[in-house]
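Worksheet: the structure to be examined is printed underneath.
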Amino acid sequence: MSTVNLVYFSWVRERIGKGEETLDLPAGVVTIADLLRHLKTLGEEYEAALEHENVIRAAINQEHVDHKEPIAGAREIALFPPMTGG
Amino acid sequence: MNAPVTVRVQRDDFDLNSEVAKLSAGRADIGAVVTFSGLCRDEAGTLAALELEHYPGMAEAEIERICREAIERFSLEAATAIHRYGKIMPGENIVLVVTASRHRQAAFDGANFIMDFLKTSAPFWKKEHLGDGTTGGWVSAKDADDTARDRWTTK
C-alpha cells in the first residue's frame, strides 16, 4: 500500500467532483496506466472522467509523463485533459 | 552564458512596453526584440469571457523549461513569458512572449517556438462563458496546435 496525492484539472476535476485528494493505492498499481484503471473502479464519476484514457494527460511531481511511467516515489500526480492555454 | 528568463503566471494584466524595457535594460548586445501577445477573441460576438484554469507551480515550471530550451536552441539573449489566469474578457491580453537576440531571425523563431510549446504543454485550460449567460464548456485542444509544435522536431 502506498499513499499518493492526486490533483485534477479542468473537466477531469469537474467530472470527478474534486480538485485534489489523497489515496492509498493497492499493490499492483505500478504505472500511470495502472492508476487510471484503479481510479475507474472507485465510482461512476471516475469512470466518466477517465472514460477516454488515451486523452488523459499525466504529470508526476509537476513534470509531464506518459502512461507507462512508474509512479513509485511520486509526491504528487496530476491528471488533466489536453492543454488549451496561450 | 546564462541568458535571463522571466516567467510569471498572474491574474493581472501586463504591459508590453514595460516588459520590453525590463528585458533590454542595460543590454547593448541585443539587436532584436520580438513580442507576441495573445488576446481573447469574442468569437463573432458570442463569447462573453474566457476563464483560464492553471496548475500552480507546474505552469511556471513548464513555461520556464520551454523558455530555457528556446534560449539554448536559438541562442537567445533573453526571454520573458507571462500568462494570465482567471476571467478574461474579449479584447484583453492572455499571454505575452518577449524574446531578444543579436539578430532578428533568432528572436522571431524563439518567440514562435515558445508559443507553439506553451500552447500544447503548459498546463492551462480555457473555459468559455457565452454572451447569453450560459457556460460554453471547455475549449478543445486543436490538432493544428500539435502540428505547429511538431514542425520543430520533424524538420
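Chains as they are written, first to last, in our numbering: chain A, 1 to 86; chain B, 1001 to 1155.
Heads up, the beta-carbon is just placed ideally off N, CA and C, and yes, glycines get one too.
**Asked** Does DSSP classify Asp1143(B) as helix, strand or coil?
**Response** Residue state, collapsed to three classes: helix.
**Asked** Which one of Thr1080(B), Gly1057(B), Arg1027(B) and Asp1146(B) has the shortest CA to CA distance from Gly1110(B)?
**Response** Thr1080(B)
**Request:** Could you tell me whether the region 1082-1100 of chain B touches the region 1047-1055 of chain B, where touching means 3 or more Cβ pairs closer than 8 Å?
**Result:** The region 1082-1100 of chain B is in contact with the region 1047-1055 of chain B.
**Message:** Would Trp1138(B) pass as an interface residue toward chain A - the criterion being a Cβ-Cβ separation below 8 Å?
**Reply:** At a cut-off of 8 Å between C-beta atoms, Trp1138(B) counts as an interface residue with respect to chain A.
**Prompt:** Are the C-beta atoms of Thr22(A) and some chain B residue less than 8 Å apart?
**Reply:** no
**Prompt:** Looking at C-alpha atoms only, which residue of His38(A), Arg37(A), Pro82(A) and Glu51(A) is the closest neighbour of Ala59(A)?
**Reply:** If we check each option's Cα against that of Ala59(A), Pro82(A) comes out closest.
**Message:** Taking 6 Å as the limit between beta carbons, can you name the residues of its chain near Ile1030(B), skipping five residues before and five after?
**Reply:** Only Ser1024, Glu1077 and Ala1100 meet the Cβ criterion.
**Request:** Inspect the beta-carbon positions of Lys1126(B) and Thr1135(B) and report whether they are closer than 8 Å.
**Result:** no
**Prompt:** Shorter than 8 Å from the beta carbon of Ser1037(B) to some beta carbon of chain A?
**Reply:** no
**Prompt:** Between the region 1110-1139 of chain B and chain A, which residues of the former have CB atoms less than 7 Å from a CB of the latter, in chain order?
**Reply:** Met1115, Leu1118, Lys1119, Thr1120, Ser1121, Ala1122, Pro1123, Phe1124, Trp1125, Lys1126, Trp1138 and Val1139
**Request:** Measure the beta-carbon distance from Arg1104(B) to Ala1059(B) and round it to whole angstroms, keeping in mind my assumption that it falls under 8 Å.
**Result:** About 29 Å; that fails the 8 Å criterion.
**Request:** Using alpha carbons as the reference points, say which of Ile71(A), Tyr8(A) and Phe80(A) lies closest to Leu35(A).
**Result:** Ile71(A)
**Request:** Measure how close the beta-carbons of Val12(A) and Phe80(A) come, nearest whole angstrom, since I'm counting them as under 8 Å.
**Result:** 5 Å
**Message:** So that I know if they touch, is there some Cβ in chain B lying closer than 8 Å to that of Gly28(A)?
**Reply:** No, Gly28(A) does not count as interfacial toward chain B.
**Prompt:** Among Arg1084(B), His1129(B) and Trp1152(B), which has the Cα closest to the Cα of Pro1056(B)?
**Reply:** Pro1056(B) has its Cα closest to that of Arg1084(B), out of Arg1084(B), His1129(B) and Trp1152(B).
**Message:** Under 8 Å: do the region 1133-1147 of chain B and the region 1013-1027 of chain B share three or more Cβ pairs, one atom per stretch?
**Reply:** Judged by Cβ distances under 8 Å, the region 1133-1147 of chain B makes no contact with the region 1013-1027 of chain B, as fewer than three pairs qualify.
**Message:** If you reduce the DSSP assignment to three classes, tell me which class Ile1030(B) lands in.
**Reply:** coil
**Prompt:** So, is Glu1062(B) buried or exposed, given that buried needs 16 or more other C-beta atoms within 10 angstroms?
**Reply:** buried
**Request:** Just the chain A side, please: which residues come within less than 9 Å of Ala1141(B) by C-beta, in chain order?
**Result:** Val55, Pro81, Pro82, Met83 and Thr84
**CA-to-CA distance, Arg57(A) to Lys68(A), given in whole angstroms** = 12 Å
**Message:** Check whether chain A comes within 8 Å of Ala1061(B), counting only Cβ atoms and requiring the distance to be less than that.
**Reply:** Yes, its Cβ sits closer than 8 Å to a Cβ of chain A.
**Prompt:** alpha helix (DSSP H) containing Leu36(A): first to last residue?
**Reply:** Looking at the DSSP string, the run of the alpha helix (DSSP H) that includes Leu36(A) is Ile32 to Leu39.
**Prompt:** Taking Cβ-Cβ distances shorter than 7 Å, what residues in chain A pair up with His1083(B)?
**Reply:** The contacting residues are Gly85.
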